[in-house]
Amino acid sequence: MLLDPWLRTEETCIIWAASGLGKTMLSLSISLAIAGGGKLVDWSAEKPRRVLYIDGEMHAQDIRDRLELLSGSEMGILARYQRKDALENLIFIARQDQDVGAPFYDLTDDKTHREIISRVRKEDVQLVVLDNFTTLSEGLEDENAAAAFKQVQGFLLELKRLGVATLLVHHANKSGHDMRGSTALETTFEVILGLKKPSVPKTGEARFVAEFGKFRGKGDERLQAREWSLAEDGWSITEALPEDPRSDSVYKALKSLRFKTMAEIAKELGVNKSTVSRRIQRLIAHGVLKKDEHFEIFDMVREIQREERNGLPDWGEPDHGTETAEALLEAF
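Numbers given in this note's numbering equal positions in the sequence shown, counted from 1, plus 181.
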């Protein structure tokens, strides 16, 4: 496992996002954590590994500035003693650091494949990061054509056969709700991680909702959709809400009038009680729930269940009971 719980050796991953959301900052943070045996919030690397990061777009000085920022101990990715390992294990090749007019890597080109594989073997690399697909695939005539992607697929499979994991950075489509290009991309990767705009944008170096669209393994709460934000003291995460907060699973559970405690909701959804509590606070912060409304709902459910045990009151037609409960709920 390169980064517990989701990035394993020999597997391929794609991270996609719209421009400016922070996909490169996240990819650099992941690379530093793996190179130094550090951690990224609650994603952890068990030991230092060699990482080859190929960048097709950014200026070399910008990369150095970001590395300097992210590798500081105050960011929480690396302890002081891990920083040296991380910077030694992280190998950078940037287009903007090459001679003017010099050819650069093209993932559709066999020569590029041979050169990268040679470097991987020579440096004992265990993770290759390709940032990003568009700038590193100039020979790809049409991103939407499945056949055009076959050369890139073959290269990624060859790295996998060598025991090397790959992380490909890619752009979102115009809607921002999915990645750009052919659906053949999806079948290639074991892990697909999408970064989407948060429902309530705030200032920060990078801010997004990270959602795993695909993961071939046993997941846990660390793989749920969460909102990430980067500030001067590092990355922080909070419970993410969907674009329409009323479609949130905790909100729906509350409004169902079936649960009288947060623990019952947590058991139903297969999460920790603390997760439910944080989600409720987010719903309150967004104005979807009133302060303490969840406690009033729990009291109502207890009363409903108590009346059911003692015999239902005469509400007339059977379906009127549900309508009465809903009417009471809407009155909050």
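Beta carbons are placed, not taken as given, at the ideal position from N, Cα and C, and that holds for glycine.
These figures come from a predicted structure and were not determined experimentally.
Burial state of residue i, where buried means 16 or more other Cβ atoms lie within 10 Å
{"i": "Glu-227", "result": "exposed"}
{"i": "Gln-486", "result": "exposed"}
{"i": "Leu-209", "result": "buried"}
{"i": "Ala-433", "result": "The amino acid at residue 433 is misidentified as Ala; the sequence shows Lys. Looking at its Cβ environment, which holds fewer than 16 other Cβ atoms inside 10 Å, Lys-433 is exposed."}
{"i": "Arg-439", "result": "exposed"}
{"i": "Ser-356", "result": "exposed"}
{"i": "Asp-312", "result": "buried"}
{"i": "Arg-460", "result": "buried"}
{"i": "Ser-428", "result": "exposed"}
{"i": "Phe-476", "result": "exposed"}
{"i": "Ala-175", "result": "The chain is shown only over 182 to 513; residue 175 falls outside these bounds and no answer can be derived."}
{"i": "Glu-507", "result": "Residue confidence is low: Glu-507 scores 47 on pLDDT, short of 50, so the model does not pin down where it sits. No coordinate-derived value is stated."}
{"i": "Arg-295", "result": "exposed"}
{"i": "Thr-368", "result": "exposed"}
{"i": "Ala-444", "result": "exposed"}
{"i": "Ser-252", "result": "buried"}
{"i": "Arg-490", "result": "exposed"}
Same chain, Cβ closer than 6 Å to residue i, five either side skipped, listed in chain order
{"i": "Trp-197", "result": "His-351, Ala-353, Met-360 and Gly-375"}
{"i": "Arg-231", "result": "Asn-270, Glu-304, Asp-305, Val-306 and Gln-307"}
{"i": "Ile-418", "result": "Val-222, Arg-407 and Trp-409"}
{"i": "Ala-199", "result": "Ala-353 and Gly-357"}
{"i": "Gln-525", "result": "Residue 525 is absent from the structure shown; the chain starts at 182 and stops at 513."}
{"i": "Leu-450", "result": "Ser-430"}
{"i": "His-467", "result": "Pro-426"}
{"i": "Thr-293", "result": "Tyr-286 and Asp-287"}
{"i": "Gln-334", "result": "Thr-369"}
CB contact flag (residue i, residue j, <7 Å)
{"i": "Arg-407", "j": "Ala-421", "result": "yes"}
{"i": "Leu-404", "j": "Phe-389", "result": "no"}
{"i": "Val-431", "j": "Ala-447", "result": "no"}
{"i": "Ala-241", "j": "Ala-216", "result": "no"}
{"i": "Val-310", "j": "Val-345", "result": "no"}
{"i": "Ser-318", "j": "Leu-288", "result": "yes"}
{"i": "Arg-483", "j": "Lys-436", "result": "no"}
{"i": "Phe-370", "j": "Thr-205", "result": "no"}
{"i": "Glu-324", "j": "Gly-362", "result": "yes"}
{"i": "Ala-153", "j": "Phe-396", "result": "Absent from the model: residue 153. The displayed extent of the chain is 182 to 513, so no value can be given."}
{"i": "Thr-316", "j": "Gly-415", "result": "no"}
{"i": "Ile-373", "j": "Ile-195", "result": "yes"}
{"i": "Glu-402", "j": "Val-452", "result": "yes"}
{"i": "Phe-285", "j": "Gln-277", "result": "no"}
{"i": "Ile-272", "j": "Leu-233", "result": "yes"}
Own chain partners of residue i with C-beta closer than 8 Å, once the 5 adjacent residues on each side are dropped
{"i": "Gly-400", "result": "Pro-186, Trp-187 and Phe-393"}
{"i": "Glu-184", "result": "Checking the displayed sequence, the identity of residue 184 turns out to be Leu instead of Glu. Here the set comprises Ile-211, Ala-214, Ile-215, Leu-221, Trp-224, Ser-225 and Ala-226."}
{"i": "Gly-203", "result": "Leu-376, Glu-386, Ala-387, Arg-388, Phe-389, Trp-409 and Leu-411"}
{"i": "Glu-191", "result": "Lys-341, Gly-344, Val-345 and Ala-346"}
{"i": "Arg-189", "result": "Met-182, Leu-183, Ala-346, Glu-371 and Gly-398"}
{"i": "Gly-282", "result": "none"}
{"i": "Leu-509", "result": "In this predicted model, Leu-509 has a pLDDT of only 39, less than 50, meaning its place in the structure is not dependable; the value taken from the coordinates is given anyway. These residues qualify, in order along the chain: Met-481."}
{"i": "Glu-498", "result": "Any answer about Glu-498 is weak, because its pLDDT of 49 lies below 50 and its placement is not dependable; what the coordinates show is given next. Counting only Cβ-Cβ distances below 8 Å, and skipping sequence neighbours, we find nothing."}
{"i": "Ile-298", "result": "Glu-339, Leu-340 and Leu-343"}
Any non-hydrogen atom of the ligand NAD within 6 Å of residue i CB
{"i": "Ser-455", "result": "In the structure shown, the ligand NAD is absent, as is every other ligand, since no ligand is present at all."}
Residues near residue i in its chain [Cβ-Cβ closer than 7 Å; skip 5 each side]
{"i": "Asp-290", "result": "Gly-320"}
{"i": "Glu-504", "result": "The predicted model places Glu-504 with a pLDDT of 45, which falls under 50 and marks its position as unreliable; any figure quoted below should be read in that light. None."}
{"i": "Ile-244", "result": "Asp-236, Phe-273 and Ala-275"}
{"i": "Ser-455", "result": "none"}
{"i": "Asp-500", "result": "With a pLDDT of only 49 at Asp-500, under 50, the local geometry of the prediction cannot be trusted, and no value is derived from it."}
Fill in: Stretch pair the segment 257-273 + the segment 337-344: three plus CB contacts closer than 8 Å
no
Discussion item. If contact is defined by three or more beta carbon pairs under 8 Å, each pair taking one atom from either stretch, is the segment 214-223 in contact with the segment 253-260?
Written reply: yes
Discussion item. At 4 residues or longer, what runs of the alpha helix (DSSP H) sit wholly inside the segment 246-317?
Written reply: 261-270 and 291-304
Worksheet item: Can you list, in chain order, the stretches of the beta strand (DSSP E) that have 3 or more residues and sit fully within the segment 326-386?
Response: 346-352 and 372-377
Worksheet item: Which ranges does the alpha helix (DSSP H) cover as unbroken runs of at least 4 residues, wholly within the segment 439-469, from first to last along the chain?
Response: 443-450 and 454-466
Worksheet item: Of all the beta strand (DSSP E) runs that stay within the bounds of the segment 393-438, which reach a length of 3 or more residues?
Response: 407-412 and 415-420
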